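Below is one structure, written out as structure tokens, with a few remarks after it.
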Amino acid sequence: MIELPIRDPCDLCVASREESWKIINENEHTLTVINPWQFEVGQCCVITRRHVATLLDLSDQECGAIMASAKRVAEALVKTYQPLGILTFQNNGVFSGQETPHFHFHVVPRQKGSDWGIGPPQLATFDGAGRKRGTSHDPSGDAQRLKRVQFSAKQLTETANLIRSNLPE
Ligand SMILES: [Zn+2]
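For the sequence shown, UniProt numbering gives the first residue as 1, with consecutive numbering after it.
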């Protein structure tokens with residue numbers, strides 16, 4: 001049994017119901033929202049409309065809609081930021097690093113030397129991940145980093161508007 005994180009109220013349900021300014025795009029099954037912690041400027045998540053926790057809970061329709069939404073916003077991110085790469089990842093259960101018990105698929109425009117603290121471990125050895133090659137993430141600075149990368153509501157609204165304006169037709 002996969003152990004799930006606890007967050008009450010669920011911040012992604014709140015984002016979808018009460019923080020419409022965070023929503024970049026939506027369809028029948030998914031919402032694409034701006035991540036309040038901008039480790040990378042423009043980083044987004046595709047979330048399910050339903051409050052379900054992991055990949056294992058998704059319907060086939062949701063699986064298809066999530067990937068289509070991720071591709072759509074990735075196109076907008078490339079147009080907006082000309083990143084060096086697009087990182088996508090998704091965590092299932094606390095032992096995979098999941099922090100919110102609501103399905104979310106990260107779509108991240110990667111830039112050289114950005115202040116990336118939390119992410120897939122392979123970035124630890126990627127030259128240009130924001131720290132020296134071969135050094136692993138030091139969690140001791142996470143509290144300050146989280147503060148540093150937390151955008152204001154106004155900044156998030158502007159970022160979401162900018163990305164939305166570059167979504168494909
Ligand atoms: Zn939820």
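Just so it is clear, CB atoms sit at the ideal spot from N, CA and C, and this is done for glycine as well.
Being a predicted model, the structure only gives us computed values, none of them experimental.
For residue i, which residues from the same chain have a beta carbon less than 7 Å from its beta carbon, with the 5 sequence-adjacent residues on both sides left out?
i, result
"L162", "T80"
"L12", "I47, T100, H102, H104"
"E3", "G93, V94, F95"
"R7", "T100, P101"
"R72", "N25, L167, P168"
Check whether the Cβ atoms of residue i and residue j lie closer than 8 Å to each other.
i, j, result
"V107", "A74", "yes"
"A68", "F105", "no"
"C10", "H102", "yes"
"W37", "Q150", "yes"
"L87", "R110", "yes"
"T157", "P5", "no"
"residue 174", "S16", "This structure cannot speak to residue 174, because the chain is shown only from 1 to 169."
Any chance the CB of residue i is under 7 Å from a heavy atom of ligand 1?
i, result
"C13", "yes"
"C10", "yes"
"H29", "no"
"H106", "no"
Could you pull out every residue in the same chain whose Cβ sits closer than 6 Å to the Cβ of residue i, ignoring the five residues on either side in sequence?
i, result
"L55", "N92"
"I46", "Just to set this straight, residue 46 is Val in the shown sequence, not Ile. Once the five neighbours on either side are set aside, the close Cβ partners of V46 are T30, T32, I66, S69, A70, F105."
"A41", "The sequence shown places Val at residue 41, not Ala. If we look at V41 and ignore the five residues flanking it on each side, it has no Cβ neighbours."
"R164", "I24"
Quick one: residues in its chain with C-beta nearer than 8 Å to the C-beta of residue i, no 5 flanking neighbours on either side, listed in chain order?
i, result
"T159", "I34, Q38, V41, G42, F151"
Practice problem: Mind the definition here: the region 25-33 touches the region 59-67 only if three or more C-beta pairs lie below 8 Å; say whether that holds. | Solution: At 8 Å Cβ cutoff, the stretches touch.
Practice problem: For the region 29-54, list the beta strand (DSSP E) runs that are entirely contained and at least 3 residues long, ordered along the chain. | Solution: Listed in chain order, the complete beta strand (DSSP E) runs (minimum 3 residues) inside the region 29-54 are 30-34, 44-48.
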